[in-house]
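Read the structure below first, then the notes.
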């Protein structure tokens, strides 16, 4: 820090400091300070002169800009006045057509009431002239009202009717499919039962054939034995008769009686076996007939199952077609609903513009 040039008062016998000498740097510092201050003032004066020096020229430019703004605003006012006049004429024409539109709107309302009463489950909004009156809006023009009424008729009348018709057809197809499915299951159960019976008959036939073969073998053996026994018995009986005639022996006659009894027993057993063989043959024929009947029933059931599968396939294709038609009709209904909503929104916007213009005209 620079030392102060003023010496402090000192008392007593203190040593006095010698005042320092001021060199050129001290004075040059103050000279540069005042020079920079003068330069700042000169620049500030030049800037103020450039800004406020030509006052009249700035005023003329400002006035010219104001005149241009006034002219642009005037042109805009004239254009708005013309637009207001056109909208007023349009509104007046709309008010003149209001009576005609009211009659048409009443007709449309009656038709909508009929459609709404018949299609109570429809999700379309009900449009009526009273709603326009309650909102304080003017009814739409005749052409727009006709288009809107036509669109609403199509949406609320034709579309739902076609959809209901397709829904009924789809329900009928579903019912037919369920019926065919039940018939197919029943036929499948019958086929399974017949197949089981067929397998059982096959087993019985196989066992019967085996037993028949065994019986035939036994029968052949017994026939051979019986033939040999019959020849032996005949020879023995002849011998015994000869002996009995020669010796007149009672024991021989008794033995002959026993032999006769045995022969009769054997012949009786042979007859039983023959009858059993006949029964086995008839049983085999019955089994073959049963097999033939089972094969025929199996073929008939196979044909019925194939017919039911074909009917089921046709029903499935019909159901898919009806489902596709239903989806197509749903999409058409959705598009028509959107078109009707867009038409209603457009009419509301037009009526809002007309009402706003009319309010502006009354305000002026």
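In my numbering, the protein residues as written are -10 to 353. For every residue, glycine included, the Cβ atom is placed at its ideal position computed from N, Cα and C.
Where does residue i land, buried or exposed, given buried means 16+ other C-beta within 10 angstroms?
i, result
"residue 257", "exposed"
"residue 319", "exposed"
"residue 228", "exposed"
"residue 64", "exposed"
"residue 311", "buried"
"residue 356", "Outside the shown range of the chain, which is -10 to 353, sits residue 356, and nothing can be said about it."
"residue 132", "Residue confidence is low: residue 132 scores 46 on pLDDT, short of 50, so the model does not pin down where it sits. No coordinate-derived value is stated."
"residue 341", "exposed"
"residue 322", "buried"
"residue 297", "buried"
"residue 113", "Confidence at residue 113 is low in this model, with a pLDDT of 46, below 50, so the placement of that residue is unreliable and no value is reported for it."
"residue 329", "buried"
"residue 167", "exposed"
"residue 304", "buried"
"residue 78", "exposed"
"residue 371", "Because the chain here runs from -10 to 353, residue 371 falls outside it and cannot be looked at."
"residue 11", "exposed"
Return the Cβ separation of residue i and residue j in integer angstroms, given the expectation that the two are a contact with Cβ distance under 8 Å.
i, j, result
"residue 343", "residue 76", "7 Å"
Tell me whether the beta-carbon of residue i lies closer than 9 Å to the beta-carbon of residue j.
i, j, result
"residue 346", "residue 73", "yes"
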